[in-house]
Amino acid sequence: MLCYLFFVFLLFNEAFAAKHAKPVVQWQTLSGDAPLVIARGGYSGLFPDSSQFAYQFALSTSLSDVVLFCDLQLTKDGAGFCHSGLQLDNSTTISQAFPKGQKTYPVNGEDVTGWFAIDYVSKVLFDKVSLIQGIFSRPSVFDNSQSMMRVEDVVAVQPPLFWLNVEYANFYKQHKLDIAEYTLGLSNQMPIDFISSPEINFLKGLSGKVNARNTRLIFKFLEADKTEPSTKKTYSSLLKDLSMIKSFSSGILVPKEYIWPVGKDLYLEPGTTLVLDAHKLGLEVYAYGFANDAPASYNYSYDPSTEYLQFVDNSDFSVDGVLTDFPSTASQAVACLAHNKKNIPPPIKDKPLIISHNGASGVYAGCTDLAYQQAVNDGADIIDCSVQMTKDGVAFCLDSADISQTTTAMTSFMSHSTVIPEIQKDNGIYSFDLTWAEIQSLKPSQTRLPSSGLSRNPAMQNAGKLMTLPEFLDFAKNSSVPGILISIENAAYLASKQGLDIVNTVISNLTAASYDQQTLQQVYIQSDDTSVLEEFKSVSTYKRVLMIKESISDAPKPSVTEIKQFADAVNLPRSSLVAYSDFFLSGFTPVAKEMFAANISVFVSVLRNEFMALAFDYFSDPTVEVATYVLGLGLDGVVTEYPATASSYMRSPCFYSDADMPYTILAAQPGSLLQLAPPDALPPAQPPAPVLQPADVDDPPLPPVVKNSNNDPAHPSPPASSPPNHASLVTATSSLSFFIVFFSFIFNDGDWITRRWKAQCGSQNLKAILASCAWLIWRARCDKVFKNEEPNWDGIGQQAVNMVDIVRDQKYNSGKLSHLPFHSSLNLFTDASWTENDGCCGIGFALIDGNNKIVLAGASNSMAETSTHVEILVLEEALKRCIEWSLYPHQIFTDCTSLVDMIYKEDFTVTWRFSE
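Per the working numbering, residue 1082 is the first one in the sequence shown, and the count goes up by one each step.
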C-alpha cells in the first residue's frame, strides 16, 4: 500500500517538476510575492485529516512552496501530535477503542464533551487508535489504515514550509501541560516557519524567545462573537485594534468572512478594508475556511477556484495566503488562473469546444436570454438551443418538451399534466399542448442539480425570458460565438401524434436566417434519432451530432461504422467515457478511442460544477474534471452548464502544453485512488454498461406529418386554466398527519422500530407493519398527486407485511447491522404533526433503500414550541437513530420549507460524521 502511494506521489512530483520557470508577476500581497497555499492537515479534503496520506498528497499535488499546517495537540504524557480539533471522537476510532472514555471538560468557558488526548498516554493513542474521515460527505475508504502523526513525523516528510497552530494553550495549562515550553523546544529542534494561536498570552510568551527571522508569530481570529481568553474581549473588538496585534505578531489568520462577508441569502456583501488596513501596519493576512465541498456564496457558481481568485486576484488587494482542505485547487488558482483577465493567450488551433447546455444554465434559468448572454460572456464557443414546439407551431428553445420543471407551468396548467410513454415515464406538462401565448404567460424556472437540493442563484430564480428559435438565431448571429448547436428530439412523435413538423420548421428557420449560406459560424445539428440527422445531410456546411443518451461501455467497429453514415460527432454521457465505482473513477472506457479511429468527434455531457456531481478523483474541483476530458481523453468538446469554468481553464497558460509554469493542472488518473484503499473498504464492483450495437444506432424513417386541427389557427386553444384545486393534496396531507399522530400514541414509550425483531408476532413486528403502512400510504398519496397514478389501497396491507418479512429475515452477525456506505441509495423521510393549543406533537421517520424497502423507521410523541421546532425534533431524532445503527442516508426529505431555509440560508456546514 505505502509503496504504491509513494509511486503515485512520484508520478505527481515528476509531472510538476517538468514545469520550472515561474513567470514574474507583481502581487498585491504585503511582500509582493505570490500568496501561500497552506494545507490544513495536509490534503484533508480527501484523506483523513493530518494523516500520512494527506500530508504526502498535499506535497505532491500543490505548489512547490506549499505550507503544511499542523494543529498541535498534547497527550497525557506531553507528546505532541497533529490533529484538527480538541476532541478525537469525530475523526479517529478512539470511541471504539475506549467506549467508556467519554469526558466533559470546560474549554474557554463552555462545557465540551468527547474523547480527549489528555486522558491517554502517547503509546496507547498511537498504537490503538486510527484516523478516519471527519466529514461524512468525504470518502471513508481510507479510514482505519493510518495512525496519528507526531509533529516530528510531519516534519520528517520535509515540507517546504511548516505551520504549527496552537488552539488550546489555556486548556492544556489548566491540565498542567505546558504547551508553550513544548513549542519552544520544538522550534529549537526543527524548522517552524509559522506559529499561530487565538490566545494572546501564548503568543506574547513566545515573542522574543523564538527566532523572528525564521519563525513568524500569527494571531488567529476566531468567530467574531467568541471571547479571547487572555483579554476577555471578543475577537470583533480586537479586530479594531490591529496596532496592538502588531506589537507581538507579524500577521493575522482570519475567517474568510472577515474579508468578504456572505449574507444570510448566501450572496457576497461588500468587502471589508481589513487586508488593506493590516498591510498598512505591516501585518500579513491569511484567510481560512476554504473547502471545495462546502457550499459558499452563490456568486462563485460552485467553482472553488473562483472563490480563491476573489481573495488573491481582485483589483484592490491580495491576501498573503489561504488555508484550505484542497491545496491543489488553491495552487491552480494562484499559479494558473490568476492575472488572466487582461492577458488572454492567443487561441489554440483545434482547441476543445466549450458548448453551453441551455446557455449558462447553472447561473440563470436555462434557455433564457440571460442564460445565453451569460454563456457568451463566459467564453462559450457554441451556444445551444434544444428546440421544442408549441401547439400552434412555434419553435422555441427549452431543455425538454416537459415544461413542468423548467417553467412555472405547474401553477397554471396542472390540468394539462399527462403521461406520454413515448417521451417519458413520468407525468409532464408538454409544450405542444400549449400555445406560444400561453407559454409566454409563464416564467422560466431555474433548476437544481438533481438529487442535491443545492440552489443555483435563487435571487434570479425566475429571471429572463424564453426565446423562439428565430430570436435565438438572431441573437447568435449578432454575438461573437463561433457556432451554434440545434438539438432536435421527439420528431417522430410530434409528426405522427401532434401533427407538428419540427424538422422542417428548424430547416426553414435556419434558411431564413441564412445559416445554410454562411461559414462564419459553424452549425451543429444534434439528435438522438439518425433519421433526423439524415434530413440535414444535404447542407454540407452543417455538422451532425448523434446524441447517445444511454451509458455504454464499448462501441465495436460495426456500430461506429453505422454512426459514421449519419454523424460527424457523438455526444456521450460522462459514464460512457469514464467507468465509475461508487463515487470513484475506475478507468477510461475504449469508446472515445473507437470514435477517434473513425474520425468521429466526441463531446461529453453534461458537466456541472456542484461538488456532489463530481467523482472523488476530481478533488471536488470542476476544473480537474474538464482537464480529465480534454487532456486525459483528448475530447473535442465539453457540454457544460457553467461555461465560465471551462473557459477560465482553457484560456490559462496551464492549458498550453509548451508553457513553462511552476504548476500544471493534471487530468485525474482513474483507479489510482481506489488502489490506495484497503481491499475490504472498496465499494462493490459494478456491472459494465451495455455494449453499443448497430441496431441501437439505426432508427426507422420519420413518419409523415398527420393533419391535426389543434395547430390550426382556425381552432384556437382554450384560455389558460386557473390554478388547480389542491383539495386532494390537502386531504392526502391531512391523512398523513392523522397517521403520524396515531403512531405517536402507539410509540408513546419512545420505543423506536429497529431491525432486531425477535418474533414474527411480537409487538415490534406489529409496529414495523404499521410504520410500513404509513410509508406506503404516503408514497401512494405522492404518486396520485404528482404522477396521477391511482392507489391500490387493497394491496397496501400485504405490501407492508412483505416489506417487514424481507427485512426481518436478514441475517446479521451477532445482531449487529451490516455497514452500509454513505453512497448507497438510502433516503430519509421525516414528518411531524403539532397542535398549537397544547404543544403536543407526533414525530415519525422512515429510512428507505433503493428498492423502496424500509431499512429503519419509527415514531414517538413529544412537545414542541412551534411547527418548525417539531420538524427539527424529528430530524434530530431520525439522525440519532441513523448514527446508532451506522446507516448513511444519502438524501433527507422534509415538507418543511422553513427547516430547509434554516439549513441552507445560514451558511450551515455539516461537519459531523456517522461513527461505525
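C-beta: ideal position from N, C-alpha, C; glycine also.
Backbone CA spacing between residue i and residue j [nearest angstrom]
i        : j        : result
Ala-1261 : Thr-1156 : 14 Å
Asn-1873 : Val-1500 : 19 Å
Val-1468 : Val-1222 : 44 Å
Ser-1595 : Leu-1614 : 19 Å
Phe-1197 : Ser-1203 : 12 Å
Lys-1524 : Leu-1479 : 12 Å
Asp-1702 : Leu-1127 : 12 Å
Ser-1172 : Gly-1122 : 12 Å
Leu-1265 : Gly-1182 : 31 Å
Gly-1878 : Cys-1854 : 6 Å
Glu-1871 : Trp-1856 : 16 Å
Asp-1465 : Leu-1566 : 4 Å
Asp-1322 : Phe-1736 : 44 Å
Gln-1880 : Lys-1865 : 18 Å
Lys-1103 : Val-1659 : Bear in mind that a pLDDT of 41 at Lys-1103, under 50, signals an unreliable position, so the model cannot answer this.
Glu-1722 : Thr-1528 : 11 Å
Ile-1287 : Phe-1162 : Just to set this straight, residue 1287 is Leu in the shown sequence, not Ile. Distance between the alpha carbons of Leu-1287 and Phe-1162: 20 Å.
Leu-1928 : Ser-1656 : 28 Å
Ser-1226 : Gln-1177 : 15 Å
Thr-1916 : Cys-1922 : 6 Å
Phe-1207 : His-1164 : 12 Å
DSSP-derived helix/strand/coil call for residue i
i        : result
Leu-1591 : helix
Val-1148 : strand
Ser-1914 : strand
Cys-1977 : coil
Ile-1199 : helix
Glu-1304 : coil
Asn-1439 : coil
Ser-1172 : coil
Asp-1406 : coil
Asp-1448 : It should be pointed out that residue 1448 corresponds to Cys in this sequence rather than to Asp. Note: Cys-1448 maps to coil in three-state DSSP.
Glu-1365 : strand
Gly-1370 : strand
Ile-1501 : coil
Tyr-1737 : coil
Leu-1878 : Leu is not the amino acid found at residue 1878; the sequence shown has Gly there. Helix, per DSSP.
Val-1604 : strand
Burial state of residue i, where buried means 16 or more other Cβ atoms lie within 10 Å
i        : result
Met-1731 : buried
Lys-1506 : exposed
Thr-1194 : exposed
Thr-1110 : buried
Leu-1980 : buried
Val-1787 : exposed
Val-1936 : buried
Phe-1826 : With a pLDDT of 36 at Phe-1826, under the threshold of 50, the modelled position of this residue cannot be trusted, and the question is left open.
Pro-1970 : buried
Gln-1239 : exposed
Ala-1416 : buried
Residues bridged to residue i [DSSP beta-bridge criterion]
i        : result
Ile-1299 : Ser-1277, Gly-1332
Ser-1662 : Phe-1665
Ser-1311 : Answer by DSSP bridge pairing: none, since Ser-1311 is not bridged.
Ala-1650 : Val-1626, Ser-1682
Ser-1467 : Ser-1568
Ile-1924 : Ala-1913, Ser-1941
Met-1230 : Cys-1163
Leu-1153 : Cys-1163
Ser-1211 : Ser-1228
Cβ-heavy atom distance, residue i to the ligand HEM, below 7 Å
i        : result
Glu-1350 : No copy of the ligand HEM appears in this structure; indeed no ligand is present at all.
Requested in this report: Evaluate the contact criterion for the stretch 1346-1359 versus the stretch 1288-1302: three or more CB pairs, one atom per stretch, below 8 Å.
Outcome: no
Query raised in the report: Is the stretch 1540-1559 in contact with the stretch 1381-1400, if contact means three or more CB pairs nearer than 8 Å?
Result: no
Query raised in the report: On the three-pair Cβ rule with 8 Å, is the stretch 1594-1609 touching the stretch 1628-1643?
Result: yes
Query raised in the report: Would the stretch 1509-1522 and the stretch 1482-1491 be scored as touching if the rule is three or more Cβ pairs under 8 Å?
Result: yes
Query raised in the report: Can at least three beta-carbon pairs, one atom from the stretch 1717-1734 and one from the stretch 1638-1647, be found at a separation below 8 Å?
Result: no
Query raised in the report: Would you call the stretch 1758-1767 and the stretch 1439-1453 in contact, with 3 or more CB pairs under 8 Å?
Result: These segments do not touch.
Requested in this report: Inspect the CB distances between the stretch 1514-1521 and the stretch 1581-1598 and report whether three or more fall short of 8 Å.
Outcome: no
Query raised in the report: Within the chosen definition, does the stretch 1672-1683 reach the stretch 1776-1786 through at least 3 CB pairs nearer than 8 Å?
Result: As far as the Cβ criterion goes, the stretch 1672-1683 does not touch the stretch 1776-1786, which means the pair count is below three.
**Report entry** Segment contact, 8 Å Cβ cut-off, at least three pairs: the stretch 1368-1375 with the stretch 1391-1403
**Finding:** yes
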